[in-house]
């Protein structure tokens with residue numbers, strides 16, 4: 001592993017480098033899309049559970065909606081119904097890779113395990129705002 005647990009910057013850099021190898025790789029994107037959908041289903045289950053505070057549930061809902069949008073964009077890229085600049089596609093892939101990895105800055109089994117995922121996804125979602133808007137207007 002090329003990053004130190006608890007270090008957001010090195011974890012982000014690690015997944016961002018991995019994402020570069022997935023740009024244009026149809027099979028790898030298909031696999032990532034499947035892992036993302038499974039992760040989204042687990043997140044849905046967490047949101048629906050009685051456990052956790054309203055604040056945690058709100059943060060999970062934001063993560064859910066942002067990730068759902070990014071996965072829809074990835075599916076459209078995979079199906080060649082949408083295109084992005086390579087750098088933007090790499091960001092999109094970074095967000096999904098980070099979310100689907102059980103080992104990142106804060107391991108997912110940790111009480112705050114989704115905190116880092118939410119921060120990364122939100123940051124990338126904001127960076128991709130123009131692409132997200134363009135995608136939403138295609139549908």
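Numbering (UniProt numbering), first residue to last: 1 to 139. Beta carbons are placed, not taken as given, at the ideal position from N, Cα and C, and that holds for glycine.
Boundaries (first-last residue) of the alpha helix (DSSP H) holding residue i
| i | result |
| --- | --- |
| residue 88 | 86-100 |
| residue 49 | Segment: none, residue 49 is in no alpha helix (DSSP H) and carries neither H nor E. |
| residue 20 | 8-22 |
| residue 132 | 129-136 |
For residue i, three-class secondary structure by DSSP
| i | result |
| --- | --- |
| residue 117 | helix |
| residue 38 | helix |
| residue 82 | coil |
| residue 67 | helix |
| residue 104 | coil |
| residue 2 | coil |
| residue 25 | coil |
Beta-carbon proximity check, residue i vs residue j, cutoff 9 angstroms
| i | j | result |
| --- | --- | --- |
| residue 128 | residue 91 | yes |
| residue 11 | residue 104 | yes |
| residue 36 | residue 132 | no |
| residue 32 | residue 93 | yes |
| residue 89 | residue 70 | no |
| residue 99 | residue 117 | yes |
| residue 2 | residue 14 | yes |
| residue 114 | residue 7 | no |
### Query
Any contact of the region 17-26 with the region 40-59, i.e. 3+ C-beta pairs under 8 angstroms?
By the Cβ criterion, the region 17-26 is not in contact with the region 40-59, since fewer than three pairs of Cβ atoms, one from each stretch, lie closer than 8 angstroms.
### Task
Would you check if there are 3 or more beta carbon pairs closer than 8 angstroms linking the region 63-70 to the region 31-48?
Under the 8 angstroms Cβ criterion, the region 63-70 counts as touching the region 31-48, having at least three qualifying pairs.
### Cβ contact (3+ pairs, closer than 8 angstroms) linking the region 120-127 and the region 72-82
Touching, no.
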